[in-house]
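> Just so we're aligned, residue 14 is where the sequence shown starts under my numbering, counting upward by one.
Glycine residues also receive a C-beta, built at the ideal position from the N, C-alpha and C atoms.
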Amino acid sequence: MNNNIIKKVIFDQEALIKEKLENNNIINRLGFDKCKKTLASPNVLLLSGLRRAGKSIFGHLLLKGSKYASINFDDERLISFKTEDFNSLLETFYSIYGDFEYLLFDEIQNIKGWELFINRLREKYKIVITGSNANLLSGDLATHLTGRYSDYV
14 MNNNIIKKVI FDQEALIKEK LENNNIINRL GFDKCKKTLA SPNVLLLSGL RRAGKSIFGH
74 LLLKGSKYAS INFDDERLIS FKTEDFNSLL ETFYSIYGDF EYLLFDEIQN IKGWELFINR
134 LREKYKIVIT GSNANLLSGD LATHLTGRYS DYV
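1) Could you spell out the range, first to last residue, of the alpha helix (DSSP H) harbouring residue 108?
2) In three-state DSSP terms, what is residue 63?
3) Can you tell me whether residue 130 is helix, strand or coil according to DSSP?
4) Going by beta carbon distance, what residues of the same chain come within less than 6 Å of residue 127, once the five residues before and after it are set aside?
5) Considering residue 34, what are the terminal residues of the alpha helix (DSSP H) in which it resides?
6) Three or more beta-carbon pairs under 8 Å between the segment 110-118 and the segment 78-95, yes or no?
7) Can you say whether residue 34 is buried or exposed, counting buried as having 16 or more other CB atoms within 10 angstroms of its CB?
8) What residues in its chain sit with their C-beta under 7 Å from that of residue 90, if we drop five residues either side in the sequence?
9) Looking at C-beta atoms only, is the number of pairs between the segment 132-144 and the segment 60-74 that lie closer than 8 Å three or more?
10) From which residue to which residue does the alpha helix (DSSP H) around residue 71 run?
11) Determine the closest residue to residue 138 out of 24, 53, 87, with distance taken between C-alpha atoms.
12) In angstroms with no decimal places, state the Cα-to-Cα distance between residue 167 and residue 124.
13) Given residue 152, which residues of its chain have a CB within under 8 Å of its CB, disregarding the five upstream and five downstream residues?
14) In chain order, what residues of the same chain lie with their CB nearer than 8 Å to the CB of residue 27, ignoring the 5 residues before and after it?
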């Protein structure tokens, strides 16, 4: 996948999230402090639940003030994104953000092989995953990340 497309998607999504975070209509969620503590552990933080329930915004609020990179895979411009594009994504993150400690992946279950990518990255970064699909809790996740993730619904 073309890095320029990935970069454009990230910039567009970042602008949208910034606009939403500046909106004062954000509802305080239970579990914020508990999730914040989980970020201090080496585990991947998995935020799962119903579509349009605010998981993405919650994830961004958790990371606010931290050095992080994010992408939402629920975007038609990423329909051709494949497993082999994950390294290009990381390169694009570095070109945009420089160094970062956290990664936020929204709806990453849309990409085949995502579990192996996350398992590799969790050694270096603190990772937050949001998603609404039952595939997040599939056998592949259990196999590759057993004991290495904390799930909050």
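This is what the structure holds:
1) 99-110
2) coil
3) helix
4) 121
5) 16-35
6) yes
7) exposed
8) 18, 22
9) yes
10) 68-76
11) 53
12) Absent from the model: residue 167. The displayed extent of the chain is 14 to 166, so no value can be given.
13) Residue placement at residue 152 cannot be trusted, given a pLDDT of 49 that sits under 50; the coordinates are not used to answer.
14) 83
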